[in-house]
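Asks: Let me begin by handing over the structure; questions about it come next.
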Amino acid sequence: MSAPDLLFYLFAGLTLLSALLVVANPFSRNPVTSAMFLVLTMVFLSGLFVLLHAFFLAAVQILVYAGAVMVLFLFVIMLLDVKEEERRRIKAFSLGLGATGVGGLFLLIVISIFKGESGAGGYPRIEGSTFELGRLLFTNYLLPFEIVSVLLLVAMVGAILLSKKDLK
Amino acid sequence: MEVGLNHYLILSSALFCAGLLGVLLRRNLLIIYMGLELMLNAANLALVAFSRFNNNLDGQVMVFFIITVAAAEVAVGLALIVALYRKRQTAHTEDLTSLKF
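So the sequences go chain by chain: A and B. Using our numbering, read the first sequence as starting at 49 and increasing by one per residue. Using our numbering, read the second sequence as starting at 893 and increasing by one per residue.
As structure tokens, then:
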């Protein structure tokens, strides 16, 4: 087995493990622990992006997700001062129903992956370098790029308005 | 067995299901939000894998836009949670039943 394949299995296992620890941690119910495991998930995912030769996206994943978004999450958790939440019992019925539903969905997706032609053609040779991606972004995708900038402005205004003290 | 597109797709769907499980089963608004982030990241992984194995960069541009939209979504959503917490002193879905019939 070659080194990239070995690294794939390593990163895949670690990603799944930390993702499961985000949603269901048997040792701690503290939201801060979940946020920390979410940071770990993002970091391992960016490792997977590097294995897929998407170097720019790997860097952006670390910068935006593990950096900005998770800092925002931790900031809000600590601002709200969420206590170690008491263990609220989830009804066994809803737990079973949710787990069965999600398990069924997973099975469905896996079956459709194996049945369908996923279109993996030829030897992969693209490199997601900054240069190529930037050129695409400023030619074919110029209009969506500009619209996204407006979206960010709107989100910023909305966040400021929502966190005003005297919300009418 | 050589790692191919299917490996990445299965990992992505497993990650998506983990996020969905969190959204469905947890009662804390912040953790539900983290589940949403997990689901978005699973979609990103699938898109990057498709882009790599089909020799087409468009998928990576799509991931770039998804990351931007997710950042905007997190900013607005967390502001909503803070505003909600200020009014109701709770971040639990079970305590927010004003709209329940």
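Glycine included, every Cβ here is placed at the ideal spot set by N, Cα and C.
#1: For residue 971/B, which residues in the same chain have their Cβ closer than 7 angstroms to its Cβ, ignoring the five residues on either side in sequence?
#2: Could you tell me which chain A residues have their CB closer than 7 angstroms to the CB of residue 906/B, listed as they occur along the chain?
#3: Mapping DSSP to helix, strand and coil, what is residue 984/B?
#4: Run the CB neighbour count on residue 56/A, radius 10 Å, all protein chains shown included, and call it buried at 16 or more, exposed below.
#5: Which class does residue 920/B belong to by DSSP, given the choice of helix, strand or coil?
#6: Put residue 965/B into one of helix, strand or coil per three-state DSSP.
#7: Show which residues of chain B have a CB atom less than 7 angstroms away from the CB atom of residue 70/A.
#8: Measure how close the beta-carbons of residue 193/A and residue 185/A come, nearest whole angstrom, since I'm counting them as under 8 angstroms.
#9: List the residues of chain B whose Cβ lies closer than 7 angstroms to the Cβ of residue 93/A, in chain order.
#10: Which stretch, first to last residue, makes up the alpha helix (DSSP H) that contains residue 77/A?
#11: Checking contacts by CB at 8 angstroms: is residue 989/B closer than that to chain A?
#12: Using a Cβ-Cβ cutoff of 7 angstroms, what residues of the stretch 176-201 of chain A are near chain B? List them in chain order.
#13: Taking 8 angstroms as the threshold, find out whether the stretch 971-982 of chain B comes into contact with the stretch 899-906 of chain B through three or more Cβ pairs.
#14: Is the shortest distance between the beta-carbon of residue 124/A and the beta-carbons of chain B less than 8 angstroms?
#15: Within the same chain, show all residues whose beta-carbon is closer than 8 angstroms to that of residue 101/A, passing over the 5 residues directly before and after it, in chain order.
Replies: The short version:
#1: none
#2: 64, 154
#3: strand
#4: buried
#5: strand
#6: helix
#7: 914, 926, 930
#8: 6 angstroms
#9: 933, 937
#10: Counting along the chain, residue 77/A falls outside any alpha helix (DSSP H), and DSSP gives it neither H nor E.
#11: no
#12: 176, 180, 181, 184, 185, 189, 192, 196, 199, 200
#13: no
#14: yes
#15: 172, 174, 175, 176
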